[in-house]
Structure formats: structure tokens, C-alpha cells
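Counting in my numbering, the sequence shown runs from 13 upward without gaps. Built from N, CA and C at the ideal position, the CB exists for glycine as well.
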Amino acid sequence: MTKEPTPLDPSENTRILSASKPRIGEILLKHTSLKQQQLDDALAIQSEQGGLLGEILVQKNYIAPHEIMRALCIQLGLTFVDDLKPNEIDPKLTTGIPINYAKTKEVLPIRKDTTPKGDVLVVAVSDPFSQLVLDDLQVLTGLPVTAVVSTSMRIQDAINKVYERNTEGMVEKIEDDGIEDTYDLEGPIDILEATEDDAPVIKFVHSLLFRAVKEKASDIHIEPFEKEFVVRFRIDGVLRDIIRQPKKAHAAIASRIKVMGSLDIAEKRLPQDGRIKLRMAGKDIDIRLSTVPTNYGERVVMRILEQNNTVLSLEQLGFNERSRKQVETLISKKYGIILVTGPTGSGKSTTLSACLVKLNSPDRNIMTVEDPIEYQIPGINQVQAKPQIELTFARVLRAFLRQNPDVIMVGEIRDKETAEIAINASLTGHLVLSTLHTNDAAGAATRLFDMGVEPFLVASSLLGVIAQRLMRKVCIKCREPHVPTEFEKNQLGIEIPKDATIFKGVGCPSCSMSGYSGRTVIHELMLVDDDIRTLLVKGSDSGAIKKAAAAAGMINLREDGIQKVFQGVTTIDELMRATHAE
13 MTKEPTPLDP SENTRILSAS KPRIGEILLK HTSLKQQQLD DALAIQSEQG
63 GLLGEILVQK NYIAPHEIMR ALCIQLGLTF VDDLKPNEID PKLTTGIPIN
113 YAKTKEVLPI RKDTTPKGDV LVVAVSDPFS QLVLDDLQVL TGLPVTAVVS
163 TSMRIQDAIN KVYERNTEGM VEKIEDDGIE DTYDLEGPID ILEATEDDAP
213 VIKFVHSLLF RAVKEKASDI HIEPFEKEFV VRFRIDGVLR DIIRQPKKAH
263 AAIASRIKVM GSLDIAEKRL PQDGRIKLRM AGKDIDIRLS TVPTNYGERV
313 VMRILEQNNT VLSLEQLGFN ERSRKQVETL ISKKYGIILV TGPTGSGKST
363 TLSACLVKLN SPDRNIMTVE DPIEYQIPGI NQVQAKPQIE LTFARVLRAF
413 LRQNPDVIMV GEIRDKETAE IAINASLTGH LVLSTLHTND AAGAATRLFD
463 MGVEPFLVAS SLLGVIAQRL MRKVCIKCRE PHVPTEFEKN QLGIEIPKDA
513 TIFKGVGCPS CSMSGYSGRT VIHELMLVDD DIRTLLVKGS DSGAIKKAAA
563 AAGMINLRED GIQKVFQGVT TIDELMRATH AE
């Protein structure tokens, strides 16, 4: 995982400085927007609590990490490069330097200078004092090496782009000539083990997967058109164009991916679904593969599921204090059913996992049936549904009831049979958690009615419904205060509090110039009280249920999103994209 360089104070490496050299604070005052009062504030904190001045300045948002690095370079007489301009770097300079080495050591050749004594390779490094790395590069390239300094983030970003261009050059040479029959994979592979001897198509696919995981993409789309194919990543819920390549390379790449997913490479007329298991830098990656035939070839979509044990808490997901306490009260019930609703990719399974972690204790028997298992939680019995062998949600649920569980989690209620078994389980002394695909909390009940579940069963068992969406968070490294336009004020629909600061992301290398980094949950929580239960018994529509929930104090999705705008978590543009006015 790439991290922005830790803002260091001049210590070991700067003891060589003479007393005449300016202090780091003086340089920052002269070359950045840092104010004397801010510097005094940070120095006071350092005096009281200790720590590094640079870290304090960054934590207080007085200064950006790269400005600390630039100031250190000025102090040490080193050359600092703010923009590496990866599109202008010749990919051939990386020949002989493995991408793993470049990423681990955070080093990248950026140009070759001609001097009276011969060619000199200029490399960007994040640590100019690592002489061992410079010696290694001299051996690898056979040229004398001189270093310039840049930040870890900018070097890693440039490495991705330069090595990707090198891979693209290889892909352009691929001829559409049955390359799919050449390779046979058995079991998981580590995609970082590709060597210079591997076929260009394999290196391209591996590079694509590595970049997708590195950039935290949830999906990879490979789309063929008449003269080219396009690769797009879905990052933070939004699709972005990544690569465009000549059409002739598409069939070989699609076939390679189908081989990895154990699909029939000869069948190009029908949709297929598969699964790819990878190991990447020691991490297990599960990829759900889907292919669909189109006019110009097979469209390939890969859903990336990183297998990990890290489950975020409700607070980390974006639930406010009030909602967190309400959810914790709900899941403390001994029996009943709690539903989490929202469209695909809205974080429903992650919220349920956070609830399970909260419930997990030695005195509870917790069992889950999921498809797929996204989080491995120690102490919880998790079953992977496999419809192809008739191991369905409904079948596993019946088996669970003979296993004496206290809490049951069903990955998704998809049909009447699963819904009725889950509801009957909740009525016989079990706490059941599950998900549904509905647009809001009130729609969960009507969705169960539509499945054929009797209204009185829903009214008797339902404890509460959480409806949620994911909104992109504004990038904290490039955000700046924003004065809303009249149109934006009308979209908000309420008066902006005086203490609110509304931000807008301007774009930086850290967020791939999008202005957003990461996502947060916006939600509405409907607690089933007596009034709502009366409506459920009658089989009322979602509109009536929603009005009753609002009267009881439910904050809807839009309102929760507006609060996150006022808190500086997201932007008005993102609010309008992710929600609509009631």
C-alpha cells in the first residue's frame, strides 16, 4: 500500500548542515502559504506533546506533505521535482528494472542527460539518502546515476503510468491468432511473478489486474467496439476510461481472461460466468468474471473482491452517533429480522459484517450464508452458497435451524422461499440479518409483499430497515472552500448553517485528478413502531409507510447526505449525483 511520505524534520540526515543554514520553519514561511501564527501554533504543540514539526503541520492541515519534502530539499541543496510528467518519460529507460523493485524502492528513471563524461541516468527517488538503491540502479542500467527527489505518491503514480505504456506497446504487437490455446493455469497465481519471458498478453492482463487493485477499483470493464477496445475501471462507484487499444488485441486478451476463469474459450456466442482466484503481494483476491457476446466481440466484466479480515465499524462506515446507537439497540434484540437495502454496490454486506463483528462473542452461535463471502470473520461460521450444486440460500437456512444458532445472516433474500424461512426463523427465537434490493427503507416491506410473504408475518417479525448508498468523499489533499451557487442552494433546499464549510475537490495526483478519494455511507434508518406495524398488517404501500417513518423522526437519505456536505465530507455535486430530492 502506497503512503504519502512521512513529513520528517531534519534529523540524522541534516546534522551535516551548518548553523548558517536556514531552519525548516523559515523555509516553509518563505516558500509556502504557511503563516507565522500557524508555525507558532505547531511549535507550541511540539513543545507540549513532542513529535515532528512536519507531521504536526500536516495533521493541522496547515501545509501539504509535498511542501515539507520541497523545504527539506531546499535546506539540503537537493533538486526537488514536483511534477514528474510521466507521459514525457521514455518507457525504454525502465528496461531491466522490474516494476516490483521500482515500486518497493520508490525509484523511477526520468531522463538521460548527456555530459562531457558520457550519459548519466537521472532518477527520481523518495529517499535521496539510500545510496544502496542508487548503486543497484547503476548495476541494473550500466550507467552512472544521479538522483532528484519527489514524493512517494508522485513516484508511484508515475511508475504505474510509465510501465503501463511499456505494456501497451507490447499489446499492440499481439496478433489475433489463437494465443488462447497456449496457456493452462492450475490454482491461484501470484500476478507479481510475471517475468520478461512471459507473453505480452499475459503481462498486459496481469498489469491490468495489478493496477485495478492498486487503484482500489471494484470492477474492470473490457468493452470491444468497431476499431478499438476500451478498458474502464469503476473507482468509488464511477467508471473511468483507463486504456484504449487496437481491436486486434481484444480477442487474445478476452481468451486469456476466460482461461484464468475456467470458462469455455471456444464458446463466444453465449454469456458465461466464472471465478478467478489470485494472490497479489501476499493478498488473496477473488474475481467474479462475466462475459457477454456483443456485435464486436465479448464484453468482459470482472468484479474484484479482496479477501480480508478488516471489517470497518459502523462509525468508520459513516453512521452518525444517533444512528449507530439505534443500530446497536436493534441488533441487541433476541429475535426478529433486520434488513439492509440498497442497489448493488451500496455497501450492504459491509454494514452487515460490521453488525456481526459487534455481535460476535463466545456466548453466541452466529452463522452466515453468503454469495460470495466478502469478509472472513474469526469465530463466525460462514457458508458459501453454491447454486450450481443446489446449495441455495433456502437450503442452507433450513440446515442452519438444526444447528441451534442465535444469529443468522443471509446474504440476500432473493425469493419467496428464502424470505419465508428467514421470517419464520426470526419468529422462533433467532435474530436474522439480511439484505434486499430496494430504493428506500419503506420499500423493503412492499418488496416482501410482492414476493408473496403475508403482511402479518412481515409486521410480526420486522424490527427495522437500513437503506443506504455510497457517496464519494472529497479529497482532503486538494479540497478547497466552495461558495454554493444559487442553483446549488436550491438543490440543498435548506438554509446553510453559519458554521458549515462547503468544499469542492480541484483534483490532484493523489485522487487521479477526480477531486474525490474514498467513499462514505449515507443512510436512512426506519424503526418499526406500533404505527408502522399497523400499516404493515394492512399491506399499505411504501408511501404511507415512509410518511409514518418520517413522522417518527426518520432522517432520509437526502437529508443525511446534506449533513455530510455541511460537515465537509462530500460535495454538493456528489450529493446531487447520488440522491434525489423527495
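In the three-state scheme derived from DSSP, where H, G and I count as helix and E and B as strand, Asn393 is classed as strand. In the DSSP assignment, Gln49 falls within the unbroken alpha helix (DSSP H) covering Gln48 to Gln61. The alpha-carbon separation between Pro98 and Lys115 amounts to approximately 15 Å.
Here Leu40 is buried: its Cβ has 16 or more other Cβ atoms, across all protein chains shown, within 10 Å. In terms of CA proximity to Val250, Gly357 leads the group Val577, Tyr308 and Gly357.
Contact between Leu65 and Gln58 holds, since their C-beta atoms are separated by about 5 Å, short of 8 Å. In this structure Gly273 touches Arg287 by the C-beta definition: roughly 6 Å separates them, less than 8 Å. The beta-carbon separation of Leu364 and Leu443, rounded to 12 Å, does not stay under the 8 Å limit for a contact. For Ala159, same chain residues with a beta-carbon under 7 Å away, outside a window of 5 residues either side, are Val135, Val137, Pro140 and Leu146 in chain order. Setting aside the 5 residues that flank it on each side, Thr430 is surrounded in the same chain by Phe405 and Ala406, each with a C-beta closer than 6 Å to its C-beta; the list follows chain order. For Leu482, there is no enclosing alpha helix (DSSP H); the enclosing beta strand (DSSP E) has its first and last residue at Leu474 to Val486. In terms of CA proximity to Val313, Arg300 leads the group Lys47, Arg300 and Ala397. Annotation for Gln284: no alpha helix (DSSP H) segment contains it, though the beta strand (DSSP E) segment containing it runs Gln284 to Met292. In the structure shown, the three-state DSSP call for Leu413 is coil. Annotated as distal: Ser335 and Leu548, with beta-carbon spacing of 8 Å or more. Tyr528 is bridged by DSSP to Val486. For Ile425, no beta strand (DSSP E) segment is defined, and its DSSP state is neither H nor E. Nearest in C-alpha terms to Leu409, of all of Val422, Pro121, Lys398 and Ile401, is Val422. In the three-state reduction of the DSSP assignment, Val549 falls in the helix class. Your pair Ile425 and Arg481 does not check out as a contact, with CB atoms roughly 19 Å apart and the cut at 8 Å. Residue pairing by DSSP puts Val312 in a beta bridge opposite Ile234 and Thr303.
Residue pairing of Pro121 in beta bridges, as defined by DSSP: Val135. Apart from sequence neighbours up to five positions away, the residues of its chain that approach Ile574 with a beta-carbon distance below 7 Å are Leu504, Ile506 and Leu587, ordered along the chain. Annotated as proximal: Pro236 and Arg311, with beta-carbon spacing under 8 Å.
Distance from Ala561 to Ala457 at the Cβ level is roughly 11 Å; contact not present, criterion being Cβ atoms closer than 8 Å. For the pair Glu118 and Ser164, the CB atoms are nearer than the 8 Å cut-off.
Across the structure, Pro493 and Val486 are spaced so that their CA atoms are roughly 11 Å apart. Distance from the CA atom of Pro258 to the CA atom of Leu351, rounded to whole angstroms, is 46 Å. Counting other Cβ atoms within 10 Å of its Cβ, Arg484 reaches 16 or more and is therefore classed as buried.
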